[in-house]
Amino acid sequence: MPKSVHVMIVEDERVIALHLRKQLEKLGYERTTAHSAGADALTAISLDPPDIILMDIRIDGDIDGIETAAGIPQDLMIPVIYLSAYSEDSTLARAKQTRPYGFLLKPFSERELHATIQMALERRKAEVALRETQQRLSLAMTAAQMSCWEIDVHTQEMQSAGIGHFGVRTDAETVTESLKTFLDRVVPEDRSTVEKAFNHAIEHGDFYDVVFKGINDHDEVRWIRARGKLFINEHLGTRRLVGMMQDITEQRKANEKLRDATTVYETTQDGILILDTDLNVTSANNAYYRITGKDAENTLNKPPYFIDENPDIPDFYHQLSETLRRTRHWQHDVEITDANGNELSLSIRIIAVENDAHELTHFVAVVTDRTAIRKAEQELRYLAQYDGLTGMPNRVLATDRLNRAVERCDLNNSMLACLFLDIDDFKNINDTLGHTAGDQVLLVAANRINAATSRFDTTARLGGDEFLIIRENIMDEADAAQLAQAILTELQRPFYIVGHEMTMSASIGIALYPADTSARQDLIRLADTAMYAAKKRGRRTYAFYQSEMTETATKYMTRSLELRRGLENNELVLHYQPKVDAMTGDLLGVEALLRWNHPQSGLIGPNEIIPVAEQSGLIIEVGDWVLREACAQAKRWQVELGKNIKIAVNVSVRQLKMPSFADAVRYALTAADLPAEYLELEITESMLQDEASMISMLHELRDVGVSLAIDDFGTGYSCLRSIKSLPIERIKIDRAFVKGLPDNNNDAALIEAMLAMAHALDLRVTAEGIETPEQCDFLRKMGCPEFQGFLFSKPVPAHEVFGEIRNEDQVS
-10 MPKSVHVMIV
0 EDERVIALHL
10 RKQLEKLGYE
20 RTTAHSAGAD
30 ALTAISLDPP
40 DIILMDIRID
50 GDIDGIETAA
60 GIPQDLMIPV
70 IYLSAYSEDS
80 TLARAKQTRP
90 YGFLLKPFSE
100 RELHATIQMA
110 LERRKAEVAL
120 RETQQRLSLA
130 MTAAQMSCWE
140 IDVHTQEMQS
150 AGIGHFGVRT
160 DAETVTESLK
170 TFLDRVVPED
180 RSTVEKAFNH
190 AIEHGDFYDV
200 VFKGINDHDE
210 VRWIRARGKL
220 FINEHLGTRR
230 LVGMMQDITE
240 QRKANEKLRD
250 ATTVYETTQD
260 GILILDTDLN
270 VTSANNAYYR
280 ITGKDAENTL
290 NKPPYFIDEN
300 PDIPDFYHQL
310 SETLRRTRHW
320 QHDVEITDAN
330 GNELSLSIRI
340 IAVENDAHEL
350 THFVAVVTDR
360 TAIRKAEQEL
370 RYLAQYDGLT
380 GMPNRVLATD
390 RLNRAVERCD
400 LNNSMLACLF
410 LDIDDFKNIN
420 DTLGHTAGDQ
430 VLLVAANRIN
440 AATSRFDTTA
450 RLGGDEFLII
460 RENIMDEADA
470 AQLAQAILTE
480 LQRPFYIVGH
490 EMTMSASIGI
500 ALYPADTSAR
510 QDLIRLADTA
520 MYAAKKRGRR
530 TYAFYQSEMT
540 ETATKYMTRS
550 LELRRGLENN
560 ELVLHYQPKV
570 DAMTGDLLGV
580 EALLRWNHPQ
590 SGLIGPNEII
600 PVAEQSGLII
610 EVGDWVLREA
620 CAQAKRWQVE
630 LGKNIKIAVN
640 VSVRQLKMPS
650 FADAVRYALT
660 AADLPAEYLE
670 LEITESMLQD
680 EASMISMLHE
690 LRDVGVSLAI
700 DDFGTGYSCL
710 RSIKSLPIER
720 IKIDRAFVKG
730 LPDNNNDAAL
740 IEAMLAMAHA
750 LDLRVTAEGI
760 ETPEQCDFLR
770 KMGCPEFQGF
780 LFSKPVPAHE
790 VFGEIRNEDQ
800 VS
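Numbering (the working numbering), first residue to last: -10 to 801.
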């Protein structure tokens, strides 16, 4: 018998305890301890657990032997053998609950004692080995998130052990519950699937494997996989479903991530390569093959071709490998061709992948096709510097080239010419033939400007119909003039657009560096100023910049700003010049004439106001104000003085071309509550030249109810057919013909013809600019019915109109 066996004796009678120790020593159990009370025994057990305990039932102290045995920690697995002279049923029943290893009735023989101890120790040895095996199995099942389970088909009772049962929180190793309780923890949508799998296995005896979602005690949804088989014991008459359950939630999540990664890998627009540690390709996605045009045979198990075929960088492969070794990351843009020879612009990123031990396992390369982006960038750079229509440099590039040219002039002590070109009357081309035709004209102009210049000159389109020409190393003004004239001559050659033969002309302004300015940023502005001077000289010509031009432009800009402020500050006023009956001198109407109460310059007339308003674009706002104020004044005369007279207002061509002008007139009349019959609009003969755009508007105005008159008649070009077809009611003979009367026979003959024509066409006539009694008498004798001029009244403020007309004696 091994001497290491420790036998504890719990006996209240010392003589019996001593006798037992003697017997045990005789049998070879050399290590024995004895205690008479249960509490002492339990304390000793906690300090030095024995291998086996011989327990008397009736012992000293508050607890008996059975209660002492029940108090021994179960994890110690110490065999207990009861030694007692009592065997009544109640005692045996109590002892049975402690699961003893034996029960010897006193008296017993040494042989019985020895055999019982040996059997108990052997049984304990087997149970310890079994427990260790169970623990190993339990740990393995815990690590695998698994549990074993079985279902009694007859009783529908289910037993499971381990953590895979996912639902019941208990400290017991085995969980017992009904199959219905288990199914209640399966999510409703999967419950029928689980039941069908179990029933199929029961009916057919097949192996079952089912995946479902269950709810654990934290109300979390977990993925569970159950596998097993039906086992039948014919002898016992039992049928059991036995198998394993495993929590595969994390596995499912990992699979989903892997599936997502695979989807990204296969569907991304970027090429993705997996490279081994030697930079050979082990895997490539479809995008890589699409981008490069390569196939798997020419890709796998070799370095990527953009590494292997990059001759632009010496020792490229060595540089790449060295960078990856040091930084574990490499990025580079590569210009290369694909398998079909097409140019590619690729952005390459290579990243090293390491394991948990920081050892390199492989590389991942991401290949982004930037070809379309690179082309778009090139196009954007082109559009940023070149005109999209003509292909010429635009203002940005032209300014840069001008700056560089100036720098060369400074270095070489030379001169350059800056020519600013504007096509004459280009707006009319757009308005009459359309913008498509206008674009074709611009292309013709660009081609002809290029043809008239050399390849060393810079030619640019600044925008609209404006072009810039820069020529370096000119000798003097004559060289610049010769270039300008060559361009003008080339532009004037006939050409065809949309079936029409056309010609074009241009006005060119020339500024010289450094003769006109030493500030390079001023060159284009000075050439632009000179171009406007060429326009004023009649167009179709060129003009060199003069310092006075800047002064004129500055004055114009100042006046323009002042006029805008004057309009906002109510500085504009109307004066009125009467129109009288030629025979009686009675007041027939007035013409509203614009004045400006300038804060510094005093009262300014229309000859200075109108040009500024026209050029600055204020003519529409000024014209609308004049129209509204004239109507309001006519109404005030009616209300305050009882004077119902017609008021005439001059209209600009810009106003007449506005599609909404008739509505503006109607609004002015409505706002003043003035009947339309008391408003007359005066237009010039030049407006009638554009019949297509004017006739419709004139008829709209007539429909409003206002009357129309031709002002300054005889000074422009009038088509009699147009006058006949238009709703004109009056012509006003220009003062240029009245001025020579009565001595100038030509003027007299022309006026006589005008009067005859007006009479024949049933038009009313007013003679303007009458300043002397002789002119008045002569026109009266010729039959002119209405007069207007300084002889009767100068233009006066509204409150002076009815007191300024000279009497009958003065008229006659």
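The beta-carbon is built from N, C-alpha and C at its ideal position, and this holds for glycine as well.
Could you give the residue range of the alpha helix (DSSP H) that holds residue i?
{"i": "ALA181", "result": "Contrary to the premise, residue 181 reads as Ser rather than Ala in this sequence. That run of the alpha helix (DSSP H) goes 177 to 193."}
{"i": "ASN244", "result": "238 to 256"}
{"i": "ARG514", "result": "512 to 525"}
{"i": "PHE726", "result": "724 to 727"}
{"i": "ARG643", "result": "642 to 645"}
{"i": "LEU697", "result": "Element bounds for LEU697: not the alpha helix (DSSP H) but the beta strand (DSSP E), 696 to 702."}
{"i": "ARG655", "result": "650 to 661"}
{"i": "THR478", "result": "466 to 480"}
Is the separation between the beta-carbon of residue i and that of residue j shorter than 7 Å?
{"i": "ALA523", "j": "SER496", "result": "yes"}
{"i": "VAL356", "j": "TYR277", "result": "yes"}
{"i": "ALA747", "j": "ILE720", "result": "yes"}
{"i": "LEU739", "j": "ILE717", "result": "no"}
{"i": "ILE52", "j": "ILE46", "result": "no"}
{"i": "ALA59", "j": "THR87", "result": "yes"}
{"i": "ILE463", "j": "MET404", "result": "yes"}
{"i": "VAL229", "j": "PHE220", "result": "Here residue 229 turns out to be Arg, not Val, going by the sequence shown. Their beta carbons are under 7 Å apart, which means ARG229 touches PHE220 by this criterion."}
{"i": "ALA186", "j": "VAL199", "result": "yes"}
{"i": "ILE41", "j": "PRO62", "result": "no"}
{"i": "GLU763", "j": "PRO731", "result": "yes"}
{"i": "THR478", "j": "ILE459", "result": "no"}
{"i": "GLN777", "j": "LYS624", "result": "no"}
{"i": "THR844", "j": "GLY91", "result": "This structure cannot speak to residue 844, because the chain is shown only from -10 to 801."}
{"i": "LYS635", "j": "GLY574", "result": "no"}
{"i": "LEU515", "j": "ALA500", "result": "yes"}
{"i": "ASP552", "j": "VAL615", "result": "Here residue 552 turns out to be Leu, not Asp, going by the sequence shown. For LEU552 and VAL615, no; Cβs fall outside 7 Å."}
{"i": "VAL638", "j": "LEU663", "result": "no"}
{"i": "ALA23", "j": "ILE48", "result": "no"}
{"i": "ILE759", "j": "VAL790", "result": "no"}
Checking the sheet assignment: what are the DSSP bridge partners for residue i?
{"i": "ASN586", "result": "LEU592"}
{"i": "ALA273", "result": "LEU262"}
{"i": "TRP319", "result": "ILE339"}
{"i": "TYR71", "result": "MET44 and PHE92"}
{"i": "GLY203", "result": "VAL175 and ARG211"}
{"i": "VAL356", "result": "GLY260 and ILE337"}
{"i": "MET234", "result": "SER136 and ALA215"}
{"i": "TYR531", "result": "ILE497"}
{"i": "LYS635", "result": "GLY578"}
{"i": "ARG390", "result": "Paired residue(s): none; ARG390 is not in a bridge."}
{"i": "LEU349", "result": "GLU343"}
{"i": "HIS224", "result": "Beta-bridge pairing links HIS224 to no other residue."}
{"i": "SER149", "result": "TRP138 and VAL164"}
{"i": "HIS489", "result": "ILE486"}
{"i": "LEU375", "result": "Note that residue 375 corresponds to Tyr in the displayed sequence, not to Leu. DSSP, once it has assigned bridges, lists PRO382 as partnering TYR375."}
Tell me where the beta strand (DSSP E) around residue i begins and ends.
{"i": "PRO567", "result": "561 to 570"}
{"i": "ILE52", "result": "Looking at the DSSP string, ILE52 is not in any beta strand (DSSP E), and its letter there is neither H nor E."}
{"i": "GLY498", "result": "495 to 502"}
{"i": "ALA23", "result": "20 to 24"}
{"i": "GLU166", "result": "163 to 167"}
{"i": "PHE791", "result": "Note, PHE791: premise wrong, no beta strand (DSSP E); not H, not E."}
{"i": "ARG460", "result": "455 to 463"}
Using 8 Å for Cβ pairs, my map puts residue i next to residue j. What's the rounded Cβ distance?
{"i": "SER336", "j": "ASP322", "result": "5 Å"}
{"i": "LEU563", "j": "LEU582", "result": "7 Å"}
{"i": "VAL693", "j": "ILE672", "result": "Incorrect: roughly 15 Å between the Cβ atoms, too far for contact."}
{"i": "ALA373", "j": "VAL385", "result": "6 Å"}
{"i": "VAL487", "j": "ALA435", "result": "Not quite, the Cβ-Cβ distance comes to about 18 Å (not below 8 Å), so this is no contact."}
{"i": "THR379", "j": "ARG450", "result": "5 Å"}
{"i": "LEU43", "j": "LEU72", "result": "5 Å"}
{"i": "TYR565", "j": "PRO784", "result": "6 Å"}
Fill in: Sequence ranges, alpha helix (DSSP H) only - wholly within the stretch 737 to 787, length at least 4
762 to 771
Worksheet item: In chain order, which alpha helix (DSSP H) runs of at least 4 residues are fully inside the stretch 403 to 452?
Response: 415 to 422 and 424 to 441
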